[in-house]
Amino acid sequence: MPTKDANADSTSVHRSQSQSESDSRPAPVSICSMPLEVLSNIFKLGKSSCEDELEDDEAWPDQNSLPFEILVSHVNSHFRRTALSSSTLWSSIRITFVKSTSEVATYIERSGCCKLDVQLTLSHSSLEKTQELIELILPHSFRWRTFYYRSVCEAHKSGVLSCLADIAVPMLEVLSLSTDETEEAGNPAADDILQQTILIKGAPMLNFVRLRGFAIYSPLPPMTTVRILHLDQTKSVPLRNPTFRHVLSSPHNLEHLSIYGDMVADSTWPTVADIIHFPRLFSLRIYDVGGWAYTGLLLGFNAPSLKVLTLMGVQDQDLDRLWSIEDPSRFSSLQHLIFWDFDLLVSEWHHVFRLLCGITNFSSYYRTNRSTILHLLAEPGSIPLPWPHLASLSIIFDAEEGEEEEILLRKVINARCACGHPLDVMRLGVNEGVVAFMGCSPIGSTRIEYFRSLDKWPLGRDFRDWDDNLFL
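Taken in order, the sequence shown gives residues 144 to 615; the numbers are from my numbering.
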């Protein structure tokens with residue numbers, strides 16, 4: 144039996160070992176002892192993450208919610224010193240009816256010499272109040288990187304847009320203008336629009352422009368360098384064809400074009416004899432209530448580099464004029480086809496397969512009216528084979544269909560494998576609470592992937608677009 148001395152020696156040894164192990168462990172480091180540069184970078188990542196979530200939620204931030212930079216600067220004195228010395232944290236300035244002049248002035252001061260991302264949102268009741276806020280931000284236009292302007296009502300010749308006439312914006316990359324109403328009686332004449340412009344001192348870095356609502360009838364910014372153009376006709380007031388042609392012809396390097404709404408009168412769409420050339424257009428996105436824009440644009444444009452086509456709201460007979468094209472080489476570069484909220488007959492799908500035969504990626508961002516296309520792709524031994532080069536199929540999974548939906552998707556995969564043209568990947572859009580119902584293991588040679596947010600437009604966009612909220 145061990146003696147008391149032996150037990151004491153053993154306890155002493157254990158204590159010595161524990162002390163030695165404790166001494167060898169690195170001492171805990173307080174976050175407040177981190178170098179300011181490291182903590183500042185952590186704050187920047189935190190702010191970026193919060194803004195990513197806001198963009199993915201497709202909802203405008205709550206006016207009463209506190210932004211990340213305010214919250215983090217009130218944790219403790221060390222955090223506050225770090226936040227106040229991190230000028231990029233304060234470079235996003237949102238001006239609304241609830242903002243005070245002192246708050247906007249504080250952001251401008253704390254942002255130092257950083258480029259500014261400005262969002263100006265006005266309502267009927269806030270026009271006079273926000274005049275002081277506008278005057279605060281205009282002298283710093285030389286630092287603007289992005290400028291989003293949303294207005295309930297705009298005076299054609301004396302509104303905020305008139306303030307943009309002769310300011311310097313050498314750093315401006317993104318310009319988004321949205322106006323719900325105008326004080327003018329009727330709309331300005333087309334010739335009046337074409338003779339006016341804003342930012343007359345030039346915008347050499349401008350590559351993104353959005354004109355929404357009555358902003359389409361506003362003076363145009365310099366468009367020569369624009370690569371991404373959104374024309375959102377949210378009002379039932381079509382443009383004249385000469386005005387439409389002028390707007391589209393202004394960007395010499397246009398790569399991505401989004402058209403929303405009844406843009407021009409049905410009978411005045413460009414014809415084959417009046418075709419518009421877009422040598423660099425890579426992606427085209429269209430939604431039209433009346434249905435004429437789909438064929439009007441596809442027949443009236445010459446876009447040999449077009450690779451991505453997005454059609455939203457296409458219904459029966461909307462594409463009838465397109466089927467008159469016998470030569471599919473017109474769309475030989477097209478690889479990615481995206482359909483939202485569509486309803487086509489079997490016969491129309493066969494026209495799609497014939498005319499757009501080079502499709503390698505097909506995306507269906509709608510839960511209903513898509514069984515027709517899935518059944519056509521699931522038919523074994525179809526002659527001719529629909530889209531023989533199809534490699535990627537992306538759809539939003541309908542949880543209400545459950546097992547029936549899964550069976551149909553597996554049939555599609557098996558049919559493509561059986562004919563020697565297997566899919567590389569099937570991408571399934573699911574909600575947060577939906578489990579990976581088809582598993583994560585490949586089915587044959589086809590990978591199964593899941594996504595919870597829709598692809599940004601244009602594909603690969605690496606900046607935030609707060610107002611891309613119409614194609615939903």
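Ideal Cβ positions, reconstructed from N, Cα and C, are used throughout, including at glycine.
Alpha-carbon spacing of residue i relative to residue j, whole angstroms
| i | j | result |
| --- | --- | --- |
| ASN445 | ILE418 | 7 Å |
| VAL111 | VAL407 | This structure gives no information on residue 111, because the portion of the chain shown stretches from 144 to 615. |
| LEU424 | GLY439 | 16 Å |
| SER537 | GLU196 | 22 Å |
| SER525 | LEU597 | 30 Å |
| ASP459 | PHE222 | 59 Å |
| THR289 | ASP484 | 31 Å |
| LEU487 | VAL295 | 37 Å |
| VAL369 | LYS344 | 16 Å |
| ASP335 | THR244 | Residue confidence for ASP335 is low, a pLDDT of 47 falling below 50, so the modelled location carries little weight and cannot support an answer. |
| HIS518 | LEU551 | 7 Å |
| MET547 | SER514 | The sequence given here has Glu at residue 547, not Met. About 11 Å. |
| GLY603 | LEU449 | 16 Å |
| PHE387 | TRP435 | 15 Å |
| ALA308 | LEU462 | 41 Å |
| HIS395 | TYR360 | 21 Å |
| PRO531 | THR453 | 20 Å |
| GLY572 | SER506 | 10 Å |
| GLN618 | ILE236 | Since the first and last residues shown for the chain are 144 and 615, residue 618 lies out of range. |
| ARG595 | GLU271 | 42 Å |
| PRO313 | TRP287 | 8 Å |
| ASN184 | MET177 | 11 Å |
Per DSSP, the bridge partner or partners of residue i
| i | result |
| --- | --- |
| ILE538 | SER507, LEU571 |
| CYS296 | GLU324 |
| ARG353 | SER319, HIS373 |
| VAL247 | Its beta-bridge partners do not exist; DSSP assigns none. |
| ASP605 | The partner list for ASP605 (beta bridge, DSSP) is empty, contrary to what the question assumes. |
| ARG590 | VAL568 |
| ARG237 | GLN262 |
| PHE290 | VAL261, LEU318 |
| THR340 | LEU363 |
| LEU454 | ILE429, PHE482 |
Cβ-based burial, residue i [other Cβ within 10 Å; buried from 16]
| i | result |
| --- | --- |
| HIS420 | exposed |
| VAL218 | exposed |
| ASN574 | exposed |
| VAL432 | exposed |
| LEU480 | buried |
| LEU615 | exposed |
| GLN376 | buried |
| PRO347 | exposed |
| LEU259 | buried |
| GLY563 | exposed |
| GLU180 | exposed |
| THR367 | exposed |
| ASN350 | buried |
| THR264 | buried |
| ASP611 | buried |
| GLY545 | exposed |
| THR589 | buried |
| ILE280 | buried |
| LEU391 | buried |
| LEU354 | buried |
| LEU209 | exposed |
Proximity below 8 Å, CB of residue i to CB of residue j
| i | j | result |
| --- | --- | --- |
| LEU212 | TRP233 | Note on residue identity: the sequence assigns Glu, not Leu, to residue 212. Contact flag set, yes. |
| HIS373 | SER401 | yes |
| MET569 | ILE539 | no |
| ARG553 | ILE586 | yes |
| ALA226 | PHE285 | no |
| LEU128 | PHE474 | Coverage of the chain is limited to positions 144 through 615, which leaves residue 128 absent and any answer about it impossible. |
| TYR291 | TRP609 | yes |
| SER230 | GLY189 | no |
| ASN504 | SER535 | yes |
| ILE341 | LEU304 | yes |
| ILE238 | HIS283 | no |
| LEU320 | ALA358 | yes |
| LEU318 | PRO364 | yes |
| SER266 | PHE240 | yes |
| HIS399 | ILE429 | no |
| GLU324 | ARG607 | no |
| ALA521 | ALA561 | no |
| TYR403 | LEU566 | no |
| VAL457 | SER426 | no |
| THR273 | GLU297 | no |
| LEU441 | LEU477 | no |
Cutoff 8 Å: residue i Cβ touching any chain C Cβ
| i | result |
| --- | --- |
| LEU209 | No chain C is part of this structure, which consists of one protein chain only. |
Review point. Which ranges does the beta strand (DSSP E) cover as unbroken runs of at least 3 residues, wholly within the region 464-537, from first to last along the chain?
Key: 479-483, 504-507
Review point. In the region 381-446, which residue ranges form an unbroken beta strand (DSSP E) of at least 3 residues, counting only runs that do not cross its ends?
Key: Listed in chain order, they are 399-403, 426-430.
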